[in-house]
Amino acid sequence: MSFELTKLHGHYVGGLVLPGLEPGSTGQQSELLAFTEDRIRARGVGEVLVVYICHPEVGWNAVVGSRCEGLSELTIGDSLVRVPAGYFARFVPDGEHSDPVDDVWHQVEIAEKEGLIERAHREEVAVLGPSGLTQLYISLA
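Residue numbering for the sequence shown follows the numbering used here, starting at 42 and increasing by one per position.
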């Protein structure tokens with residue numbers, strides 16, 4: 042397991058909302074997410090972002106889309122979410138699991154259990170590159 046601490050600048054992500062989608066390998070491998078990712082890629086987007094957002098009253102939701110500058114760049118039906126600037130733990134697959142999605146989420150679980158990171162449970166971002174590489178940015182407390 043390896044990860045690096047990094048500071049992300051605030052940015053917007055515009056895309057489609059998936060209610061009730063929780064962070065983790067199960068959610069990220071769901072058929073609905075795969076279908077939604079395909080719809081976003083059909084727009085000519087190379088790098089798809091999945092932003093997981095937790096609301097205290099309704100739980101987790103996700104916005105599947107791409108970086109944008111603001112409302113003017115949204116497609117009709119899209120929602121806009123802002124990922125605030127902050128410190129994140131960046132995880133990339135290290136080959137311990139054959140599936141890269143399982144690999145990165147497993148690393149997050151281990152790092153949290155071992156006390157190496159303390160999750161803030163704010164915006165968490167999965168970056169799905171055109172080649173299928175998954176990177177995770179886990180918000181830190």
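All residues carry an ideal CB built from backbone N, CA and C; glycine is no exception.
Bridge partners of residue 175 according to DSSP: 169. Going by beta carbons, residue 56 and residue 94 fall outside the 7 Å limit.
For residue 139, the number of other beta carbons within 10 angstroms of its own is below 16, and it is reported as exposed.
Annotation for residue 152: the continuous alpha helix (DSSP H) segment containing it runs 141 to 154. A distance below 7 Å separates the beta carbons of residue 47 and residue 131. From the listed residues 151, 129 and 150, the smallest Cα separation to residue 179 is found for 129. If you check the CB distance, residue 58 and residue 120 come in under 7 Å.
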